[in-house]
Structures are given as C-alpha cells and as structure tokens.
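Worksheet: one structure, shown below.
In the numbering used here, the protein residues as written are 23 to 216.
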C-alpha cells in the first residue's frame, strides 16, 4: 500500500505539491483513508500476536509505542472475533465492529450483504437493529443507565471513543460487552485463528 507519488508522507505531516489536480488530490485522500483503516486491523492483529507470543512482555512493548492501550484492545477484540478469513476488504473495520458480537455464521451473512449491496456502516447498523426488533423499524427497548463520573474520566473516555471512531455511548457499550464476556469466561475468538 503506497501513496500517490505526488504525496510525500512525513512523520509530522504530508507534503503536497503547490499545484495538484483535483483527481490526484482525491485519490490521495482515498489512499490515506484505506491506509488508516488497514492500520487499525494491523494493530489489532499485532496485539493478538503479542498476547500469544509474548504474554509477559507485550504490554511493555505497547507502552513503548505510545499507542492508546484501550483503543488497541478494541481493535484486537474485533480482530479476534472476526478472523482474517471472514473479513471483507471492501468494508471498514467499523463495519466489522457492528457484527463482531454476533455468532460466526451471522457475521458472515451480514458482512456478505453489506459488501454486495455497498452498505455504509450506518445502513448495516440500521438493518441489524431492524432484525433485532422483529423487522419493525422502531427503536429497540432500551434501558437508560446514568452514571456520574469526574470530568477528567469522561474526557479520557471521549478521547478513547473518538480514537476508535465510535460515539461515547457506543464505545461504552463495546467496553462493557467485552468486560461482561471476560467476566463470564467468554473465550470468543480462541477457537479460530484471528
């Protein structure tokens, strides 16, 4: 995966020539978006590898990278739940996140549908909600949970949610679902290679 020759990536920015045709500028944007999405998968797979091969040292390696640990854990959770053989290149990691909690056969079905029909992540989420609601286009029965936290904690959570490209509420649900699965002894993803 490389950027157009017109773009010169640097650690702290992207150098572009003074005159760049619109089509080239647009292509570079698509390439950057693709690299960004791919890097989330790469990070998730990297963390899983570290957990398996360096159980006593991977956390120290993560800290040395300055990457947000919780964001990496989110990527790894998705990568663990959806092995490479089931992933769809034409869909974003966020598409896959929408179906990660489903059984493998349902993941396969929904990912195939989303890829074949060109659904956005929002469209996929809408379709999943409709199925959960018995085919009705209404909001599911929801419970409201209110918690009071220090502003600093809320700010950290918000930053983690943004890094994972989720709303704060979505991020909290993902984290709590992961914790509930771990507390229940959920061994999801261990039966298949990620």
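Positions of the beta carbon are idealized from the N, C-alpha and C atoms, including for glycine.
Got a sec? Which residues, its chain only, sit under 6 angstroms from residue i by beta carbon, not counting five neighbours each side?
i	result
residue 137	110, 112 and 113
residue 175	none
residue 37	30
Compute the beta-carbon to beta-carbon distance between residue i and residue j, rounded to the nearest angstrom, for a pair I have assumed lies under 8 angstroms.
i	j	result
residue 115	residue 100	6 angstroms
residue 96	residue 186	5 angstroms
residue 59	residue 123	At roughly 20 angstroms, the Cβ-Cβ gap does not stay under 8 angstroms, so residue 59 and residue 123 are not in contact.
Would you mind sorting residue i into buried or exposed? The rule is 16 or more other CB atoms within 10 Å of its CB.
i	result
residue 68	buried
residue 75	exposed
residue 173	exposed
residue 66	buried
residue 48	exposed
residue 129	buried
What three-state label does DSSP hand residue i in the structure shown?
i	result
residue 42	coil
residue 126	helix
residue 66	helix
residue 89	coil
residue 106	helix
residue 30	strand
residue 160	In this prediction, residue 160 scores a pLDDT of 47, lower than 50, which makes its location untrustworthy; no coordinate-derived value is stated.
Output needed for residue i: all residues of its chain with C-beta closer than 7 angstroms, excluding positions within five of it in sequence on either side, in chain order.
i	result
residue 143	114, 116, 117 and 120
residue 160	Caution is warranted here: a pLDDT of 47 is assigned to residue 160, below 50, making its placement in the model unreliable, and the coordinate value is therefore given only provisionally. Answer for residue 160: no residue qualifies.
residue 215	Residue placement at residue 215 cannot be trusted, given a pLDDT of 38 that sits under 50; the coordinates are not used to answer.
Ordered along the chain, which non-local residues of its own chain (more than five positions away) have a Cβ less than 8 angstroms from that of residue i?
i	result
residue 80	69, 72 and 73
Practice problem: Count the CB pairs spanning the stretch 49-62 and the stretch 26-36 that are closer than 8 angstroms, and state whether there are at least three. | Solution: yes
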